[in-house]
Every structure is written in structure tokens, then in C-alpha cells.
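Numbering (UniProt numbering), first residue to last: 1 to 313.
Even glycine gets a Cβ: it sits at the ideal position worked out from N, Cα and C.
One structure is given here, and the rest of the page talks about it.
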Amino acid sequence: MSPLLLIAFTLVLAFVAAPRLAGASWVLRAPRLALTTWLVGSCAVVASSLLTGLNLLLYWDRTHDLVSGAWHFCLDSLLGRHDAPAQVAAVVGLLTVAGLCYRMGLGITRLAAAQRARRADLRMLVRLAGIPSLVPGATVVRHDQPAAYLMPGKTTDIVITSGAVDQLRAPELHAVLAHERAHASGRHYHLTHWVRFLVQAFPGVACFRLAKRQVERLVELCADDTAARSAARIDLARALVTMARPVSADSGLLAAGGGDSLERLHRLLTPPRPLTVFARACVAAGVAAVAVAPLALAMFDRYVSWVPDALSL
């Protein structure tokens, strides 16, 4: 029963909960809570999938269970205990799974290598062309396009172009730097790398692509909120208008002009009401339930078999 429950839980998260969360309006009122929800949900999908496989390995002999029975049938087919069509189907299924695992591993390795090489090239360019002393806390590179980026790595460096220095007023420049520092302090690059890893590892899973878009959107909103504590919202909004331009999702950089610029601009100029304490508590309880659900469902069979024995004592 546990594998079947885990599969059902995974499908509900992927095809019901994820689309509804993406369209929820409350996320604009509590982006940090929404970001946590997406991260916990994506981890729960991965965990429940892994626990499904682990349950099949540990309890493969439970042929009365639907999922375990299917697994047992495949094993028998591979051992030649069924007719030829069943054996062919089992071999094809095994080769398909092996091919997918190989492709995922290869894709993840290539993604990590490409990002490391890209960041190394960018750091080399910044070291060669940067002007560290022009703006405190940032490295300035000569470029007419106003832009600011956070370059992740062993050290997180803020890079800002000379175009931004020339076109932004001092309060606006301060707001931009506060936004980038918020990305650094919030470790947002780790969060975006996690969802990009999921998309690379499972390219056909729509919920991971949706999670990637939403996490990249929400980290910008979280950085805006943090920056607004030390800078005026109007200054950050003006800087956003000046610097807004498309940013490559594969660049590995967090840009001050990234995300949905119109949504960010509207939210900066007309801040939404925060969620009530009760609403936050309800969402937090749901997130906690999702976090523990995979392990609880994996132990369901053992718990159910233990209850009658306990009641009979």
C-alpha cells in the first residue's frame, strides 16, 4: 500500500497542488512563505519518488500490493518465468530506465561544468575590466547598458556597470546594491540552482519547470522586500525601470532587473497587505504536512500492521 500512496501523493503534488500554487494570489503578500512552499514541495516530490523505489526494493515480495505486484511481475519476466512478449516488455522497460538515468547524470554533469566555466569566465572579465573603488561594495565594469548582477561562487561579488553608475541617482544606486545584497544574504543562488538541477535532471516533468519559473520569480520579490527596509521603494522602482531588460535564465546570475519587471514594479509602488497571522499559520501547517508526508506514507504499512497488534494486547 505504501508505494501506491506515495505515487498518488506525488501525482497530486505535481499535477494539482503545483498549478494551483502558481496561480495563487497570496504569494505576492508572502513571497518568502511561498518560496518555502515551492522548495518543500519540490523536495517532497523527489523524496516520495525515491521512497517509492526504496519501498519496492525492501518489500518486493509483497505481491498482494498493486505496485509491488507489478514490480514482481517485471522481475519474473526478466527471469524467464513469463512468455516472450512479457520478457521483451520488461527488457525494454529496464533499458529505458537505464537510459533515462544515464541521460540525467550526463545532463547534470554538463550543466554543472558549463555553469562553473561561465562563472570563471565572468570572474576573469571582471578582474580584468573591473574598477573596484568606484562604488563601495561592488565592482564596476565599463558598459553602457545599466545592469547589476550577483555572481555566486566561493565569494559572492556584486558587479555593476558604468552605465548604471552614470544613469542612476545615488538613492537608486543604493537601492540596487541593497537588492543584490539581499540575494547574497538569502543564498538565493543556491535555491535557483536547486530548481535548475531538477529541470536538468527531469526535463519532462512539468511541475519542476513550473517550480523553476516560480522560484526565480519569488527570489526577486524577496530581495525587493529586503531592499525596501533600507531603501525607499520609489527609488528601487525607478532603478528597476532604468535597468529592466531580459536576463538569461541559464546565466547563473541574479540581476537587479530580473524576474517579472511589471509585477515587481506594481508591487513596489502599491505594496500588498501582508498575510494575516492565521493565514500564515495555515500555510505553514500545510507546508509542514507536505514535508513529513513522504516519510509518513513510506511507513504506512508498518504502522497499519502495528495498530491491530497493539489493540489486541
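Distance, Cα to Cα, I108 vs P203? 11 angstroms
Euclidean distance between Cα positions of V12 and L21: 12 angstroms
Presumed contact (8 angstroms Cβ cut-off) between Y189 and L150, rounded CB distance: 7 angstroms
Taking buried to mean at least 16 other C-beta atoms within 10 Å of its own C-beta, is R181 buried or exposed? buried
Distance CB(L297)-CB(F15) smaller than 8 angstroms: no
Quick one: measure Cβ to Cβ for residue 354 and P294, integer angstroms, because I've assumed they're closer than 8 angstroms. Nothing can be reported for residue 354: it is not among the residues displayed for the chain, which extend from 1 to 313.
At the level of alpha carbons, what is the spacing between R187 and P152? 9 angstroms
Would a check of beta-carbon distances place V195 closer than 8 angstroms to chain C? Reference to chain C is not applicable here, since this structure consists of a single protein chain.
Quick one: grab the DSSP three-state call for L106. helix
Using the Cβ count rule (16 or more neighbours within 10 Å means buried), how would you classify T276? Exposed.
Identify the continuous alpha helix (DSSP H) that holds T226 and give its terminal residues. 206 to 227
Look at V27 and A34 and say whether their C-beta atoms are less than 8 angstroms apart. yes
For a test of the three-state rule: what should DSSP assign to D260, helix, strand or coil? coil
Which stretch, first to last residue, makes up the alpha helix (DSSP H) that contains A8? 2 to 12
From P171 to D235, what does the alpha carbon distance come to, in whole angstroms? The straight-line gap separating the alpha-carbon atoms of P171 and D235 is approximately 6 angstroms.
Backbone secondary structure at D235 - three-state DSSP: helix
Span separating the alpha-carbon of V165 from that of A244: 15 angstroms
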